[in-house]
Each structure stands twice: as structure tokens, then as C-alpha cells.
Amino acid sequence: MDNSVNEQIEHKYRSAFNYMTLRAFIGAIAFCLPILVTCAANLEPDISLGSISEYYHTDARNLFVGSLCIVGTFLFAYNGWREDGSTPIAQSALSKLAGVGAFGVAFLPTNSDEVKWLICDKCIESVEALTATLHYVSAAILFIILCVFSLYFFPRNMSGASGGAKNRKLVYLLCGGTMSFCMLAITLYKFDIITYSRTVYYAEAFALWAFGVAWFVSGKFIYGFRDD
């Protein structure tokens, strides 16, 4: 076989490995984040916070920031995939913008009256309204782009798919729908249409789980979701 052909095949599979592995790593970290920060916060059993972002102000801060930085870094490194080995510009650009959103969520803490009694009370006092607003904007950018990936980029060109591809497409659509519903729930809570105090926490948790499942499944590591 011609050397140039060998090089093309090697490049193709190396790129495929990188893009699938990145997807799986991103998904695994995102899925574990709500569970890990809740456990690491070291709060009393009868104490609960209104959002996952508020765990920044607990013992779980380093875990919260570190996990989001890893996700942001992987999103920056992710360039998408095409069969010819070229880089899809839209996917690459949006994944990098999502990476910016992840870093914004990590380093621009939210403010909350509910957590002033925690270990970081001085930090809470220093959080300005602008910082909190940028935190919400960063989170919105991150999850809107993740919805675009799950509802458009991942299932694109999968019409008539069967076997593992069909299963993946179903997961993508379900996860994208879940993330969209969670963002709607958070919006309704912000406008006092929903009044349950932990609405944002559970919406963020389910959105992260949906994000994690979609990206991990897209890595094709699980039997039943691989190509036939």
C-alpha cells in the first residue's frame, strides 16, 4: 500500500481516537461534578444549597473550579470530526466558546445570601453584582452551546441510522431536550414563576448529567452505542 495512503489512514484513526476520547472525558467529568461537589462540601445533613454554583463557597470550591477548568480545557481542545479528517469550523468555534463559558462559571462566582454563613463569608461579601451576572451569562453560553451539540451536531447526518448509531441519536435528542427543559426551569425560577427553593440546584444537576451522558455516549465506549 502506498505510504501516503497509510499516512491518511493513520491520521484518520488518530483523529477519531482523540475526538472520541475527548468527548468521553468531558462527559464523565460533567456527570460526576454534581455528586462530587455535594459530597465534598462537608455540610451538615440538614443543610442544602440552592444551586451547584453556590458550592464554590464551601470546602468543595477547589473541586468545583478544577472540574470546570478540566471541562473547559477539553472543550478548547475539541475540534469536532469529519470523515475526511478536516476540522468542522462551526463545531470547533462553538466548543471553544463553550470552553470560555466553563471558565467563566468556574472563576466568576455567583452571589447568594443563603451561603454567607459558610467558610467563605469574606469571599461572598466581595462578590459584586456584575460578577454574578457574568457567571449566569457564562453558564447560559455553556449550556446553550451544549444543547446545540446534542440536538444538532451530534445527531446530524444520522437519519435512517440503525443499531448503535440509532441508539446514540436517541440519547442525544433526549439529553438535548433535558438540558433545554432545565434551562427553562431556571429561567422560570428567576422570574418567580417557579418558587421551589432548590429548583436551580436540581436543574443544574440534571443538565450536567444530561451533558455528561450525551458526550460520554458520543465517545462510543459503551457497547450498544458503537457503530455496527
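Okay, so the sequence shown: first residue is 0 according to numbering that gives the first Met the number 0, each after it adds one. Even glycine gets a Cβ: it sits at the ideal position worked out from N, Cα and C. In this text, all values refer to a predicted model and were calculated from it rather than measured experimentally.
Quick check on DSSP: helix, strand or coil for residue i?
i, result
"R22", "helix"
"S47", "coil"
"S149", "helix"
"A128", "helix"
"I118", "Only weak support is given to the placement of I118: the predicted model assigns it a pLDDT of 49, under 50, and the question is left unresolved by the model."
"R225", "coil"
"F142", "helix"
"T109", "coil"
"F73", "helix"
"K219", "coil"
"L183", "helix"
"T198", "helix"
"N78", "coil"
"I192", "coil"
"S137", "helix"
"P33", "helix"
"S161", "coil"
"N166", "helix"
"T57", "coil"
"L62", "helix"
"L173", "helix"
"A206", "helix"
"A89", "helix"
"L96", "helix"
"A101", "helix"
"A40", "coil"
Would a C-beta distance cut-off of 9 Å place residue i and residue j closer than the cut-off?
i, j, result
"L145", "V104", "no"
"S137", "V199", "no"
"C181", "F220", "no"
"F153", "R167", "yes"
"A23", "F210", "no"
"A204", "A184", "no"
Rounded to the nearest angstrom, how far is the Cβ of residue i from that of residue j, given a contact under 8 Å?
i, j, result
"L74", "K95", "7 Å"
"L150", "L172", "7 Å"
"A101", "G65", "Not a contact, Cβ separation roughly 12 Å."
Within its chain, find whatever has a CB closer than 8 Å to the CB of residue i; leave out the 5 residues flanking it on each side and keep chain order.
i, result
"H134", "S52, G103, V104, L107, P108, T109"
"L223", "Note on residue identity: the sequence assigns Gly, not Leu, to residue 223. Counting only Cβ-Cβ distances below 8 Å, and skipping sequence neighbours, we find G163, N166."
Residues in the same chain with beta-carbon distance under 7 Å from residue i, minus the five sequence neighbours each way, listed in chain order, please.
i, result
"A39", "D58, A59, L62"
"F187", "According to the sequence provided, residue 187 is Leu. The question's Phe does not apply to it. For L187, where only same-chain residues beyond five positions count, the Cβ hits under 7 Å are I193."
"V212", "G26, F30, V170, C174"
"T130", "L107, P108"
At the 9 Å Cβ level, is residue i part of the contact set with chain C, yes or no?
i, result
"G175", "The structure shown contains no chain C; it holds only a single protein chain."
Give every residue of the same chain whose Cβ lies closer than 6 Å to the Cβ of residue i, excluding the five residues on either side of it in the sequence, and list them in chain order.
i, result
"I69", "I28"
"Q90", "G79, F152"
"Y77", "L21, S94"
"I118", "Confidence at I118 is low in this model, with a pLDDT of 49, below 50, so its placement is unreliable and no value can be given for it."
"A97", "L74, L141, I144"
"Y55", "F63, P108"
"W208", "F30"
"S217", "R22, F153"
Are the stretch 21-30 and the stretch 170-188 touching by the rule of at least three beta carbon pairs closer than 8 Å?
no
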